[in-house]
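Residue numbers (the UniProt record's numbering): 1 to 374. All C-beta atoms, glycine included, are put in the ideal place defined by N, C-alpha and C. Written out below as structure tokens is the structure these notes cover.
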Amino acid sequence: MKKLTFILLILVISTVCYAEIRLGALFSTTGPASFLGMPEKQTLEMLVEEANSNGGINGEKIELFLYDTRGIDAEARKKFIRLVKKDRVDAVIGPTRSGSTLAIKELAGRFEMPLISCASSDRIIEPINPFVFKVAPSDTLAVRKIYSYLKGKGQKRVAIITAQNGYGDSGRTALLNEAKKMGINIVADEKFRDNDRDMTSQLTKIAEADPDAIICWGVGPAPAIVAKNYKQLQLDATLFMSHGVASKKFIKLAGSAAEGIILPAGRLLVAEKLPDSNRFKSMLLEYKNAYEKRFDSSVSTFGGHAYDAFQIFKKAYNNSVEKNIKITEAIENIKGYLGTYGEFNFSQHDHNGLDMNAFIMLKIQNGDWQLLNK
């Protein structure tokens, strides 16, 4: 009997010593959205390694289960189910793309699996799913930032050209809805597909409407083609992009056509240029320097999404253990977290936690990001 008790005690001690957190992740590390998903993957792996070297969370090491969705919605569903049923993870970070997140939103609720998406579509959190959160700022906030900037310049005639995918559709809806509220006149409304190789036709139609500004909403290589065609046509209207191109990869793809483009983005891209008094600066530089030293490549706001998602998960998991509450409830209780995209204040009714101050306006000049005053 004593021997059996001893064996059981050893098993209990072993279980405690080797307790682990099982964290799932879905990123587009190959395919057209790989330049978004790869920095997310690299960031998350770096942070998990760092956390484990410091004892994990509450003494529990983190085991990471990370899969490539290839930017395909069906693949995201397949891998999400695998994370839930086979890997039995505690939570999932990702996916990279809005469409892929929307494809698994219902599954997260069905399996009661906490999901912290890195995508931006408003529809990810509207309507609220108790198990679904996101760290990328909503499209509506980005649109408001652009429109406020335009109104400050006295420009109200706007043409839009949006991608025919989850991100583009959500952006188009926000562009149209916010225009009515903010006194912006949409004079042209064109679309493009991710695999289009020429947008001259759409831009020619836009030119006929004589807009003050053109707003392109998309991710991947297609917006770079829009920029090139815009330059070839020598259009007078100012070209704006969404936060979906806030990466040096876009500047590389667009080449000289990127010059002069304006977009809303997070502070991470211009961390060194922020005043020392900025409350985000030290955190941004710490992450930026660590990432660029580790991977020998420029930091991007998309890697920042993974940074925020992990830090939020870490805080929530720690609080869920201490207060004996669900991870989702713990996320809803997070207030005042300073992330790469701004200050997060979650609630039962707000599963994004950001406001318009998450964005600053940037201009591409000499192949780099320049901070605008407004």
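Burial state of residue i (16 or more Cβ within 10 Å)
{"i": "S347", "result": "exposed"}
{"i": "D296", "result": "exposed"}
{"i": "H351", "result": "buried"}
{"i": "G244", "result": "buried"}
{"i": "I364", "result": "buried"}
{"i": "N165", "result": "buried"}
{"i": "residue 380", "result": "Any answer about residue 380 is impossible in this case: the structure gives the chain only from 1 up to 374."}
{"i": "P211", "result": "buried"}
{"i": "D276", "result": "exposed"}
{"i": "E20", "result": "exposed"}
{"i": "E286", "result": "exposed"}
{"i": "P127", "result": "exposed"}
{"i": "G59", "result": "exposed"}
{"i": "G168", "result": "buried"}
{"i": "G339", "result": "buried"}
{"i": "K314", "result": "buried"}
{"i": "L263", "result": "buried"}
{"i": "S53", "result": "exposed"}
{"i": "E190", "result": "buried"}
{"i": "K79", "result": "buried"}
{"i": "R267", "result": "buried"}
{"i": "L8", "result": "Reliability of the predicted coordinates at L8 is poor, the pLDDT of 45 falling under 50, and no value is obtained from them."}
Secondary structure of residue i, DSSP reduced to three states
{"i": "Y341", "result": "coil"}
{"i": "K231", "result": "helix"}
{"i": "D139", "result": "helix"}
{"i": "K252", "result": "helix"}
{"i": "K295", "result": "For the sequence presented, residue 295 should be read as Phe rather than Lys. Reduced to three states, the DSSP call for F295 is helix."}
{"i": "Q42", "result": "helix"}
{"i": "V187", "result": "strand"}
{"i": "T361", "result": "The residue you asked about is not Thr; residue 361 is Met in the sequence shown. Strand."}
{"i": "S14", "result": "Residue placement at S14 is flagged as unreliable, the pLDDT there being 42, under the threshold of 50; the coordinate-derived value follows with that caveat. If DSSP states are grouped into helix, strand and coil, S14 belongs with the helices."}
{"i": "I7", "result": "At I7 the pLDDT is 42, less than 50, meaning the model places this residue with poor confidence and gives no usable figure here."}
{"i": "Q370", "result": "strand"}
{"i": "G336", "result": "strand"}
{"i": "K134", "result": "strand"}
{"i": "E75", "result": "helix"}
{"i": "D236", "result": "coil"}
{"i": "S170", "result": "helix"}
{"i": "E20", "result": "strand"}
{"i": "I128", "result": "coil"}
{"i": "I116", "result": "strand"}
{"i": "S347", "result": "strand"}
{"i": "S247", "result": "coil"}
{"i": "E60", "result": "strand"}
Among the options, the one whose alpha carbon lies nearest that of residue i
{"i": "G171", "options": "A222, V226 and R123", "result": "R123"}
{"i": "N195", "options": "N345, L338 and A163", "result": "A163"}
{"i": "G218", "options": "E208, E178, G266 and A142", "result": "A142"}
{"i": "V226", "options": "I161, A330, P137 and N278", "result": "I161"}
{"i": "E40", "options": "E322, Y341, A309 and D355", "result": "A309"}
{"i": "R97", "options": "F35, A265 and M113", "result": "F35"}
{"i": "Y317", "options": "G336, N366, G56 and A237", "result": "G56"}
{"i": "A213", "options": "M241, M283 and S201", "result": "M241"}
{"i": "A290", "options": "C216, T30, G37 and E49", "result": "E49"}
{"i": "K145", "options": "M361, W369, Q370 and V89", "result": "M361"}
{"i": "A179", "options": "F250, D236, L150 and E343", "result": "L150"}
{"i": "residue 435", "options": "V321, T29 and N129", "result": "Outside the shown range of the chain, which is 1 to 374, sits residue 435, and nothing can be said about it."}
{"i": "V89", "options": "A174, N357, P114 and L284", "result": "P114"}
Cutoff 7 angstroms: residue i Cβ touching any chain B Cβ
{"i": "Q365", "result": "Of the protein chains in the structure, only one exists, and it is not chain B."}
Those residues which DSSP pairs with residue i across a bridge
{"i": "M199", "result": "Bridge partners of M199: none, in fact."}
{"i": "C216", "result": "I161 and M241"}
{"i": "L66", "result": "A25"}
{"i": "P264", "result": "M361"}
{"i": "K281", "result": "DSSP, once it has assigned bridges, lists no residue as partnering K281."}
{"i": "V92", "result": "G24 and L115"}
{"i": "F192", "result": "A163"}
**Prompt:** Are the region 43 to 55 and the region 288 to 304 touching by the rule of at least three beta carbon pairs closer than 8 angstroms?
**Reply:** yes
**Request:** Report yes or no: do the region 183 to 200 and the region 220 to 229 share at least 3 C-beta pairs separated by less than 8 angstroms?
**Result:** yes
**Message:** Using a Cβ distance threshold of 8 angstroms, determine whether the region 177 to 185 contacts the region 145 to 156, with at least three qualifying pairs required.
**Reply:** yes
**Prompt:** For the region 224 to 235 against the region 253 to 262, are there 3 or more C-beta pairs whose distance is under 8 angstroms?
**Reply:** yes
**Message:** For the region 68 to 86 against the region 128 to 141, do three or more pairs of beta-carbon atoms, one drawn from each stretch, fall closer than 8 angstroms, so that the two count as touching?
**Reply:** no
**Prompt:** Does the pairing of the region 20 to 40 with the region 64 to 72 give three or more beta-carbon distances under 8 angstroms?
**Reply:** yes
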